[in-house]
Each structure stands twice: as C-alpha cells, then as structure tokens.
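When the letters of the sequence shown are read in order and numbered with our numbering, they come out as residues 18 to 223.
Glycine is no exception: its CB is placed at the ideal position from the N, C-alpha and C atoms.
Read the structure below first, then the notes.
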Amino acid sequence: MKTKLTIDEFRLMVEAANKTIQSRAEEFSKLDAALGDGDHGEAMSTAFGVIEKSSKTGENFRKMLGDMGFGVMLETSGSTSTLLGAFLLGMSEGAPTTSEIDAEGLKRMFRSGLDGVKKNTRALVGDKTIMDALIPAVEAMEATKGEDVKAVLEAGAKAASEGAEATKDMIAKLGRARNLGEKTLGHVDAGATSWASIFDSFAKAL
Ligand SMILES: [Mg+2]
Numbered sequence: 018m019k020t021k022l023t024i025d026e027f028r029l030m031v032e033a034a035n036k037t038i039q040s041r042a043e044e045f046s047k048l049d050a051a052l053g054d055g056d057h058g059e060a061m062s063t064a065f066g067v068i069e070k071s072s073k074t075g076e077n078f079r080k081m082l083g084d085m086g087f088g089v090m091l092e093t094s095g096s097t098s099t100l101l102g103a104f105l106l107g108m109s110e111g112a113p114t115t116s117e118i119d120a121e122g123l124k125r126m127f128r129s130g131l132d133g134v135k136k137n138t139r140a141l142v143g144d145k146t147i148m149d150a151l152i153p154a155v156e157a158m159e160a161t162k163g164e165d166v167k168a169v170l171e172a173g174a175k176a177a178s179e180g181a182e183a184t185k186d187m188i189a190k191l192g193r194a195r196n197l198g199e200k201t202l203g204h205v206d207a208g209a210t211s212w213a214s215i216f217d218s219f220a221k222a223l
C-alpha cells in the first residue's frame, strides 16, 4: 500500500497527463466538432503544455499548483484554460506546504480544485460538460476508505471515465452545444472526455 504521494510523483502524473492530452488532441477536437467549434484538442494541448512546464519548480504542493494555475491563466486564454486554471488554483488553496501528501490530503486538494471550478461555471452533473467527469471523480475519491493514495486516484479515474461516457445520453444544456438540443444525444462531451483522461493518466502514472 502506498500511503504518501511525493511532489516528484505528482510531477510524473502531470507529465503522464500531458502526454495523453497531446496524443489524444485530435480525437478531442473531433468530439468537439460534433457539438461545438472543434478547437478543444488544440486548447487542451496548448494549456497542458504550459501546465507541465510550470509544474517543475515549486518546492511544495501549494506553490507548485499555484505556479501551474497562474502559468496556464497568464500564458493561455479561453474557457479551457480558465477552467484548468481555476481547478489548479483551487487545488493549490487546499494543498499543504509540504512535499508529501497522504490520502486525506489528496482528497482535500481535489475537493478544493472542484470548488475552484464551481466559481467559474454553474454546470452540474447532467449538463454534458466537464463537470460530468469532475464531480463524480472527486466524490468517488472522497468516498474511498483507507490510506492508499493509489486507490484514491484509481477511484477518481474510474468515476471520471464513467461520468464522461454517460454524457453520450445527455442533452447539452449550456454553452454553444445547447443550441443543438437533442442533436447532442449520442455524442460524448469533449471536455468531459479530456478531463477524464487526466484522471486516468494520474492513476496510471503511479
Ligand atoms: Mg470548442
């Protein structure tokens, strides 16, 4: 059992997520093109490149996540980077000023990230957005018993991917996709899919 996650392990998780985002960017854009403007892959790959770059120097979790959040906010623009920035700055607020974190700390950090995103969107589960991946992921992490940090990340990954898959049967209620109404049925949401891939990469990187 792994009871502590180090800051260097977290940096490896971010690297793994960035690799996934870069390699799936085209797929994310195709998903977005069915319901939106088709720029989601490019927006994610640009933003995540900056996020990985900004993750290298902070000496404790709070500082590192703050650098990542400010980095993506200052160097990129658009709704994708705003939401990623809000998530990372929220995580930073809930993170310790140490270079190791335990399962409870990890849950607190991700909950705080979700709270940060909530300040920027009114979307809830069922609206066919990133929140369909993010909210269940954080709730599943919090519901995980025991001290194993890997189990917490794996629970988050599983819930995020199920949540993203579930967007296929939803009608978009917010954003540009809302105008398409029932035509959005049968398509997964690009943002929920890309955010689920982040959680999946995090879990697999350990
Ligand atoms: Mg778009």
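- Set against 7 Å, the gap from the CB of Gly163 to the closest heavy atom of ligand 1 is not smaller.
- Cβ contact annotation for Val67 (same chain, cutoff 7 Å, sequence separation greater than five): Gly88, Val89, Glu92 and Thr93, in chain order.
- Scanning its chain for C-beta atoms nearer than 8 Å, with the 5 sequence neighbours on each side dropped, one finds around Thr20 the residues Asp119, Ala120, Glu164, Asp165 and Val166, in chain order.
- Here Glu199 is exposed, its C-beta having fewer than 16 other C-beta atoms within 10 Å.
- Residue state for Leu22 is assigned as strand, using DSSP reduced to three classes.
- In the structure shown, Glu44 adopts helical secondary structure according to DSSP, grouped into three states.
- Under the three-state reduction of DSSP, Glu76 is assigned to coil, being neither helix nor strand.
- Unbroken alpha helix (DSSP H) stretches of 4 residues or longer found wholly inside the region 136-220: 148-160 and 166-183, given in chain order.
- Per DSSP, the unbroken alpha helix (DSSP H) holding Gly107 starts and ends at Ser96 to Glu110.
- Distances taken from the Cβ of His57 to the heavy atoms of ligand 1 include one shorter than 7 Å.
- Residue pairing by DSSP puts Glu117 in a beta bridge opposite Thr23.
- Taking 8 Å as the upper bound for CB-CB distance, Met30 and Phe219 are in contact here, some 5 Å apart.
- Within the same chain, Ala51 and Leu52 come within 6 Å of His204 by CB-CB distance, once the 5 residues on both sides are set aside.
- A distance criterion of 7 Å places the beta-carbon of Asp54 in contact range of ligand 1, judged by its closest non-hydrogen atom.
- Judged by their CB atoms, Thr161 and Ala172 are nearer to each other than the 8 Å cut-off.
- Of the candidates Asn196, Ser46 and Thr63, Ser46 places its Cα closest to the Cα of Asp56.
- Leaving aside the five residues that flank Asp149 on each side, the residues in its chain whose CB is nearer than 8 Å to its CB run, in chain order, Val142, Gly143, Gly180, Ala181, Ala183, Thr184, Met187, Asp206 and Ala209.
- Taking the Cβ atoms as the reference, Leu105 lies roughly 3 Å from Gly86, within the contact range of under 8 Å.
- In terms of Cβ geometry, Ala34 and Ile215 form a close pair [threshold 8 Å].
- Close CB contacts of Phe127 within its chain, under the 6 Å cut and outside five residues either way in sequence, are with Val155 and Met158 (chain order).
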